[in-house]
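> In my numbering, the protein residues as written are 236 to 435.
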Amino acid sequence: MEKKRTRCGGFLLAEVITATALLGLIVVGLMVSMNGFALVNDSQWARQRCTAAAQAQLDSLAATGKPIEPSACRRLWPGVEISMTRSPGAGPWAGLELIEVTATAQAGPRRITVRLARYLGQSSPPAARSTGLPPVRSMGVPPMSTRGILPPSVLLTNDPPPIMRCSKSGQDAQTIHGRDAHGTETPHGVTTNVAEGGRS
236 MEKKRTRCGG FLLAEVITAT ALLGLIVVGL MVSMNGFALV NDSQWARQRC
286 TAAAQAQLDS LAATGKPIEP SACRRLWPGV EISMTRSPGA GPWAGLELIE
336 VTATAQAGPR RITVRLARYL GQSSPPAARS TGLPPVRSMG VPPMSTRGIL
386 PPSVLLTNDP PPIMRCSKSG QDAQTIHGRD AHGTETPHGV TTNVAEGGRS
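#1: Could you check the C-alpha separation between Pro344 and Leu247 for me, to the nearest Å?
#2: Check for me: the alpha helix (DSSP H) holding Ala329 runs from which residue to which?
#3: If the criterion is Cβ atoms closer than 8 Å, does the pair Arg321 and Glu332 meet it?
#4: Can you tell me which of Pro313, Val315, Ala291 puts its alpha carbon nearest to the alpha carbon of Ile334?
#5: Short of 6 Å in beta carbon distance, which residues of its chain neighbour Arg353, apart from the five on each side in sequence? Order them along the chain.
#6: Can you tell me the Cβ-Cβ gap for Ala342 and Ser278, rounded? I've got them flagged as a contact below 8 Å.
#7: With 16 as the cutoff for other CB atoms within 10 Å, does Ala249 come out buried or exposed?
#8: Which residue or residues does DSSP assign as beta-bridge partners of Met319?
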């Protein structure tokens with residue numbers, strides 16, 4: 236008698252179901268990972284925007300004594316809310332003003348908050364407070380008068396620089412600012428010998 240061999244078709248179906256389930260688990264894991272990476276990226280981006288906004292507010296107060304306008308803040312850092320508090324310094328910081336700037340932004344389900352603080356002077360002008368150095372004066376030019384005009388003694392001139400006095404053969408040679416003793420203009424670097432009662 237010959238035995239008939241029959242093939243079992245259920246085993247192939249089980250393999251397909253198992254492979255599909257594993258592939259689905261892999262896809263779900265990738266989606267969860269990508270979603271987590273996106274949330275982390277949004278949180279970092281929101282933190283950077285909050286830090287930039289708070290730092291800009293402190294820099295504006297230190298430089299000009301005034302905060303940035305709210306409209307400019309909304310345009311530069313959309314989605315960031317900025318609040319500021321002022322309080323007098325205490326202890327070693329007496330006489331200074333403590334300024335705290337808080338910036339908040341929404342990143343998905345999380346709310347990011349950044350708080351920065353700085354001590355600033357209360358009465359000193361912004362320029363002196365930021366540098367701590369006296370104003371710079373240009374060398375060689377005296378300060379302007381009250382009317383904004385230089386004194387007559389320092390008016391600018393195109394005359395050549397003065398030439399040293401010298402003596403030759405008993406005759407005096409004298410030239411001042413490109414002019415000889417008689418007021419005649421002379422070329423730069425040329426002296427006019429002044430003899431007794433005349434020129435040579």
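Ideal Cβ positions, reconstructed from N, Cα and C, are used throughout, including at glycine.
On a predicted model such as this, the values are computed, not experimentally measured, just so you know.
Considering the structure as presented:
#1: The count along the sequence shown starts at 1 and reaches residue 344 at position 109. The count along the sequence shown starts at 1 and reaches residue 247 at position 12. One C-alpha to the other measures close to 45 Å.
#2: Counting from 1 along the sequence shown, the entry for residue 329 is found at position 94. First-last for Ala329: undefined, no H or E at that position.
#3: Here residue 321 refers to the residue found at position 86 when the sequence shown is read from its first residue. Here residue 332 refers to the residue found at position 97 when the sequence shown is read from its first residue. Their beta carbons are under 8 Å apart, which means Arg321 touches Glu332 by this criterion.
#4: Taking the sequence shown and counting its residues from 1, one reaches residue 334 at position 99. Here the closest residue by C-alpha is Ala291.
#5: As a working note, residue 353 is residue 118 in the sequence shown. Taken in chain order, the residues that qualify are Leu293, Ile334.
#6: Indexing the sequence shown from 1 puts residue 342 at position 107. Indexing the sequence shown from 1 puts residue 278 at position 43. Indeed, because the Cβ distance is near 4 Å, the residues count as touching under 8 Å.
#7: Here residue 249 is taken as the residue at index 14 of the sequence shown, counted from 1. Flag for Ala249 reads exposed.
#8: Taking the first residue of the sequence shown as 1, we reach residue 319 at position 84. In the DSSP secondary-structure assignment, Met319 is bridged to Val336.
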